[in-house]
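Asker:
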Amino acid sequence: MSQKIYKPKYVKKILISQKEVKDGITKAANWINKRYSHCKKRPILLAILKGAVPFYAELVMQLHFDFHFDFMVLSSFRGQMKAVTQPKIVTDIMNDIKGRDVIVVEDVLDSAKTLTVLKKYLLSKKPNSLKFIVLADKVDLRQVPFKADYACFTIRGDKFLVGYGLDIKEIARNLPYIAEFDKKYLNKL
Ligand code: IMP
Ligand code: MG
Numbered sequence: 096m097s098q099k100i101y102k103p104k105y106v107k108k109i110l111i112s113q114k115e116v117k118d119g120i121t122k123a124a125n126w127i128n129k130r131y132s133h134c135k136k137r138p139i140l141l142a143i144l145k146g147a148v149p150f151y152a153e154l155v156m157q158l159h160f161d162f163h164f165d166f167m168v169l170s171s172f173r174g175q176m177k178a179v180t181q182p183k184i185v186t187d188i189m190n191d192i193k194g195r196d197v198i199v200v201e202d203v204l205d206s207a208k209t210l211t212v213l214k215k216y217l218l219s220k221k222p223n224s225l226k227f228i229v230l231a232d233k234v235d236l237r238q239v240p241f242k243a244d245y246a247c248f249t250i251r252g253d254k255f256l257v258g259y260g261l262d263i264k265e266i267a268r269n270l271p272y273i274a275e276f277d278k279k280y281l282n283k284l
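Numbering (this note's numbering), first residue to last: 96 to 284.
Structural data, given as structure tokens:
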């Protein structure tokens with residue numbers, strides 16, 4: 096039985112289908128497996144809530160080594176299309192990361208202000224290594240220089256993305272694909 100795909104009117108265009116997202120995440124898992132399978136101390140896979148949840152859930156099932164889960168909540172967007180505040184740590188990491196190998200899993204890299212703040216914070220805790228894996232990298236929108244260690248998908252131009260964890264005003268995280276948001280619906284949600 097074929098599954099009906101939910102495509103709300105604010106979806107301008109599906110950019111990356113569910114199958115393509117899943118394949119992209121499998122590649123990211125292979126990349127991580129290759130580098131972390133032989134770590135002496137168990138790595139920490141740190142998801143940034145809430146956007147990274149679907150990506151993280153899919154990714155962890157494909158990792159073939161023992162590691163610890165951890166989570167942080169950062170806020171900057173507050174459900175709008177542009178950041179309205181400086182990124183803030185709302186919920187801190189639970190593990191002591193000193194001397195540990197930390198892999199940050201984030202949904203999207205845009206201006207890179209959020210990950211820049213996070214990187215500085217995590218480095219101050221002296222991990223053995225720190226890497227950043229992102230689902231979507233909006234490479235043309237950087238306001239501060241930042242290079243992800245691994246990006247599943249590169250998005251060109253000024254697009255606002257929804258789906259697979261990415262939200263607009265806290266909705267659309269459940270869409271099983273990555274799509275461009277139709278900005279004409281911004282005030283109608
Ligand atoms: P940055 O600090 O500008 O790189 O933005 C990072 C954060 O903004 C992400 O963790 C997302 O929560 C949010 N964000 C940036 N671009 C998008 C987008 O296209 N769709 C949904 N959320 C986004
Ligand atoms: Mg996020």
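Using N, Cα and C, we set each Cβ at its ideal position, and we do this for glycine too.
(1) Under the DSSP definition of a beta bridge, which residues are partnered with LEU261?
(2) Mind checking PHE150: buried by the 16 CB within 10 Å criterion, or exposed?
(3) Using a Cβ-based criterion (distance less than 7 angstroms to any ligand heavy atom), does THR209 qualify as near ligand 1?
(4) Taking only heavy atoms of ligand 1 into account, decide whether any of them is closer than 7 angstroms to the Cβ of VAL233.
(5) Got a sec? Which residues, its chain only, sit under 8 angstroms from LYS136 by beta carbon, not counting five neighbours each side?
(6) Can you tell me where the alpha helix (DSSP H) with ASP161 in it begins and where it stops?
(7) What residues in its chain sit with their C-beta under 8 angstroms from that of ASP187, if we drop five residues either side in the sequence?
(8) Output yes or no for whether 8 angstroms exceeds the beta carbon distance between LEU141 and VAL200.
(9) Would you kindly report the start and end of the unbroken alpha helix (DSSP H) that includes LEU154?
(10) What does the Cβ neighbour count give for ILE266, buried or exposed, with the cut at 16 atoms within 10 Å?
(11) Is any non-hydrogen atom of ligand 1 found closer than 7 angstroms to the C-beta of SER132, if you look at the structure I gave you?
(12) Return yes when the C-beta of GLU265 is under 7 angstroms from any heavy atom of ligand 1, and no when it is not.
(13) Indicate whether VAL234 and THR249 have their beta-carbon atoms separated by less than 8 angstroms.
(14) Distance check for LYS221 and ALA207, CA to CA, integer angstroms please.
(15) For TYR216, which three-state DSSP category applies?
(16) So is the beta-carbon of ASP244 under 7 angstroms away from any non-hydrogen atom of ligand 1?
(17) According to DSSP, simplified to helix, strand and coil, what is LYS104?
(18) Could you check where the alpha helix (DSSP H) with ILE120 kicks off and where it finishes?
(19) Flag LYS261 as yes when its Cβ comes closer than 7 angstroms to any non-hydrogen atom of ligand 1, and as no otherwise.
Answerer: In brief:
(1) If you number the sequence shown from 1, residue 261 lands on position 166. GLY258, per the DSSP bridge assignment.
(2) In the sequence shown, counting from the first residue as 1, residue 150 sits at position 55. Under a 10 Å Cβ-count criterion, PHE150 is classified as buried, with 16 or more other Cβ atoms of the shown protein chains found around its own Cβ.
(3) Along the sequence shown, read from residue 1 onward, the residue named residue 209 stands at position 114. Distances taken from the Cβ of THR209 to the heavy atoms of ligand 1 include one shorter than 7 angstroms.
(4) Position 138 of the sequence shown, counting from 1, holds the residue named residue 233. In the sequence as presented, Val is not what sits at residue 233; that position holds Lys. For LYS233, the Cβ falls inside the 7 angstroms cut-off from some heavy atom of ligand 1.
(5) Start at 1 with the first residue of the sequence shown, and residue 136 comes out as number 41. Beyond the five residues adjoining it in sequence on each side, LYS136 comes within less than 8 angstroms, by CB distance, of GLY194, ARG195, ASP196 and ASN223 in the same chain, given in chain order.
(6) What you label residue 161 is simply residue 66 of the sequence shown in a count that begins at 1. Unbroken run through ASP161: none, as it is neither H nor E.
(7) Start at 1 with the first residue of the sequence shown, and residue 187 comes out as number 92. Excluding residues within five positions, the ones whose Cβ falls inside 8 angstroms are MET167.
(8) Indexing the sequence shown from 1 puts residue 141 at position 46. Indexing the sequence shown from 1 puts residue 200 at position 105. Cβ atoms of LEU141 and VAL200: closer than 8 angstroms.
(9) If you number the sequence shown from 1, residue 154 lands on position 59. Residues 148-155.
(10) One-based indexing of the sequence shown puts residue 266 at position 171. Result: exposed.
(11) Residue mapping note: residue 132 aligns to position 37 of the sequence shown, counting from 1. Checking the Cβ of SER132 against ligand 1 gives no.
(12) One-based indexing of the sequence shown puts residue 265 at position 170. Remark: the shortest separation between the CB of GLU265 and any heavy atom of ligand 1 does not fall under 7 angstroms.
(13) For the purposes of this step, residue 234 is taken as residue 139 along the sequence shown, with counting starting at 1. For the purposes of this step, residue 249 is taken as residue 154 along the sequence shown, with counting starting at 1. For the pair VAL234 and THR249, the CB atoms are nearer than the 8 angstroms cut-off.
(14) As a position in the sequence shown, residue 207 is number 112, starting the count at 1. As a position in the sequence shown, residue 221 is number 126, starting the count at 1. Taken atom to atom, the span from the alpha-carbon of ALA207 to that of LYS221 is near 21 angstroms.
(15) Here residue 216 refers to the residue found at position 121 when the sequence shown is read from its first residue. TYR216: helix per DSSP, three-state reduction.
(16) Within the sequence shown, residue 244 is the residue found at index 149, counting from 1. It does not: the Cβ of ASP244 is nowhere closer than 7 angstroms to a heavy atom of ligand 1.
(17) Position 9 of the sequence shown, counting from 1, holds the residue named residue 104. LYS104 carries a coil assignment under DSSP once its states are collapsed to helix, strand and coil.
(18) If you number the sequence shown from 1, residue 120 lands on position 25. Looking at the DSSP string, the run of the alpha helix (DSSP H) that includes ILE120 is 113-131.
(19) Start at 1 with the first residue of the sequence shown, and residue 261 comes out as number 166. Residue identity differs from the one stated: residue 261 is Leu in this sequence, not Lys. Answer for LEU261: yes, Cβ within range of ligand 1.
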